[in-house]
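A short write-up of the structure that comes next.
Residue numbers (this note's numbering): 1 to 517.
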């Protein structure tokens with residue numbers, strides 16, 4: 001070790017290290033390019049493969065149907081055009097594999113950071129894509145011989161890849177020959193050579209060096225696929241076991257969502273009188289309380305809700321109202337469906353139980369969501385719920401916060417808030433609030449509403465009419481003046497409209513109007 005340290009600090013080694021670092025900085029574009037391709041595979045390829053669907057059966061049908069269709073087209077298209085759907089099939093399978101890898105990276109990061117909700121995640125881990133990845137790899141084993149047949153028929157590399165007595169126009173010989181090579185390509189134990197299995201005369205034979213290159217590429221591909229899948233499966237099993245061990249030792253107070261789902265299913269499969277005391281399952285009495293409250297609020301399964309309720313009763317604890325859970329989820333979760341279910345629970349609780357939802361809690365939820373894209377239906381539902389709570393003034397302040405104070409970044413939200421506020425204005429009585437709102441909307445209308453004119457025009461007109469109806473006094477409508485400063489009206493347009501109906505303050509009440517010429 002002493003010698004190694006001395007060698008590492010030697011001037012030639014340090015100079016070589018600086019040279020390598022400089023070279024790696026110049027080749028940074030290669031890593032960026034790889035990250036770009038990887039992102040395209042996950043964000044676009046996996047989405048095309050149906051991985052965004054929450055239902056497992058839907059994902060299987062879309063993925064399996066898509067690759068099966070590509071395989072059939074790849075075989076029946078004239079060479080070499082069949083290579084196009086074959087390559088697309090490879091890309092789809094690889095995309096699902098990369099998505100699975102991203103999910104496992106997020107699970108590992110969550111475990112390292114003790115499930116800190118502020119930990120940045122790439123895709124989250126609400127679903128386990130292991131089985132979908134294996135399904136894609138199965139189709140890869142069919143697509144490889146189809147691609148080889150297409151390349152052979154079209155002589156893509158300048159000559160036929162294979163010779164032999166088999167009928168190269170049918171799929172059977174290609175699958176048989178590749179199956180034999182697949183058996184030889186199995187890692188660790190090369191059982192085909194042990195049992196002296198050799199291809200028969202009726203099978204395909206490589207045509208010189210180009211055929212052997214094709215077989216080499218196919219075997220390397222299978223080796224990499226199998227070894228990568230095997231290593232990832234082993235690492236996942238090890239991490240799951242470590243999580244449960246740490247939880248049992250009291251070092252962590254929750255499991256990641258995939259392990260949690262499996263362990264809950266084991267507990268719920270037991271008889272009800274054994275769920276809290278069973279020995280060979282996870283004891284959820286020490287589980288993170290906030291996480292249990294989230295599960296209770298968002299669960300569709302009544303059995304799971306009853307189990308969590310039983311847990312809290314056993315611990316002499318109470319469950320939080322759904323609106324409190326929604327507040328936490330809006331700040332930490334990316335699952336829109338989960339937030340929708342929590343909001344539905346909050347709406348149901350507000351009408352049925354002793355708890356009344358404060359409109360301020362919804363204001364905080366909207367502030368948490370104001371920079372989050374893709375939540376239009378959720379935000380609209382929150383606004384509609386808020387219009388059933390509190391007084392008219394509290395509702396107006398809620399909508400004003402979406403428009404001005406904590407302005408939502410998305411125009412669909414501000415336009416909706418503007419429409420609701422226009423309907424609410426006739427019920428308002430706070431003159432100073434309306435004056436300030438008028439100034440904010442008039443001064444920032446383009447920033448708030450964009451190119452839309454109808455919504456801000458209707459809102460400003462409603463405010464003018466309401467201010468005219470209230471007929472505010474001079475002291476109410478003007479800000480505090482400094483000594484010697486000429487008072488300036490805050491809302492000139494509303495004053496000019498009010499002047500036609502209200503007597504002028506500078507003249508006595510009995511003074512006649514000047515005669516029009």
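Every residue gets a Cβ at the ideal spot worked out from N, C-alpha and C, and that includes glycine.
Identify every residue that forms a DSSP beta bridge with residue i.
| i | result |
| --- | --- |
| residue 162 | 206 |
Which of the three DSSP states, helix, strand or coil, is assigned to residue i?
| i | result |
| --- | --- |
| residue 155 | coil |
| residue 279 | coil |
| residue 115 | coil |
| residue 252 | coil |
| residue 521 | Only positions 1 to 517 of the chain appear in this structure, which leaves residue 521 out of reach. |
| residue 127 | coil |
| residue 106 | helix |
| residue 395 | helix |
| residue 410 | coil |
| residue 356 | coil |
| residue 387 | coil |
| residue 81 | coil |
| residue 244 | helix |
| residue 239 | helix |
| residue 168 | coil |
| residue 301 | coil |
| residue 374 | coil |
| residue 319 | coil |
| residue 145 | helix |
| residue 473 | With a pLDDT of only 47 at residue 473, under 50, the local geometry of the prediction cannot be trusted, and no value is derived from it. |
| residue 335 | coil |
| residue 271 | coil |
Using the Cα positions of residue i and residue j, report the straight-line distance between them to the nearest angstrom.
| i | j | result |
| --- | --- | --- |
| residue 494 | residue 398 | With a pLDDT of 40 at residue 494, under the threshold of 50, the modelled position of this residue cannot be trusted; read the value that follows with caution. Spanning the two alpha carbons is a distance of roughly 24 angstroms. |
| residue 307 | residue 239 | 27 angstroms |
| residue 178 | residue 221 | 12 angstroms |
| residue 82 | residue 148 | 10 angstroms |
| residue 309 | residue 290 | 13 angstroms |
| residue 451 | residue 417 | 16 angstroms |
| residue 320 | residue 342 | 12 angstroms |
| residue 10 | residue 25 | 23 angstroms |
| residue 422 | residue 377 | 20 angstroms |
| residue 16 | residue 231 | 33 angstroms |
| residue 128 | residue 18 | 42 angstroms |
| residue 250 | residue 108 | 19 angstroms |
| residue 479 | residue 435 | Note that residue 479 has pLDDT 48, beneath the 50 cutoff, so the model's placement of it is unreliable and the number below is only indicative. One C-alpha to the other measures close to 11 angstroms. |
| residue 21 | residue 33 | 19 angstroms |
| residue 174 | residue 161 | 12 angstroms |
| residue 403 | residue 465 | 20 angstroms |
| residue 471 | residue 356 | 35 angstroms |
| residue 257 | residue 126 | 6 angstroms |
| residue 253 | residue 87 | 45 angstroms |
| residue 105 | residue 391 | 48 angstroms |
| residue 43 | residue 317 | 42 angstroms |
Taking the beta carbon of residue i as the centre, do at least 16 other beta carbons fall within 10 Å, making it buried, or is it exposed?
| i | result |
| --- | --- |
| residue 103 | buried |
| residue 432 | exposed |
| residue 133 | buried |
| residue 437 | buried |
| residue 57 | exposed |
| residue 54 | exposed |
| residue 72 | exposed |
| residue 386 | buried |
| residue 12 | exposed |
| residue 14 | exposed |
| residue 150 | buried |
| residue 535 | Absent from the model: residue 535. The displayed extent of the chain is 1 to 517, so no value can be given. |
| residue 371 | exposed |
| residue 155 | exposed |
| residue 286 | exposed |
| residue 412 | exposed |
| residue 294 | buried |
| residue 30 | exposed |
Between which two residues does the alpha helix (DSSP H) containing residue i stretch?
| i | result |
| --- | --- |
| residue 315 | No alpha helix (DSSP H) holds residue 315; DSSP gives it neither H nor E. |
| residue 524 | The structure shown does not extend to residue 524, since the chain is modelled only from 1 through 517, so no value can be given for it. |
| residue 332 | 322 to 332 |
| residue 462 | 454 to 470 |
| residue 368 | 359 to 369 |
| residue 267 | 257 to 268 |
| residue 25 | 11 to 26 |
| residue 293 | 289 to 298 |
| residue 49 | Careful: residue 49 lies outside any alpha helix (DSSP H) and carries neither H nor E. |
| residue 446 | 445 to 449 |
Verify the contact flag: residue i, CB atom, against every heavy atom of the ligand NAP, threshold strictly below 7 angstroms.
| i | result |
| --- | --- |
| residue 142 | Because no ligand of any kind appears in the structure shown, any question about the ligand NAP cannot be addressed here. |
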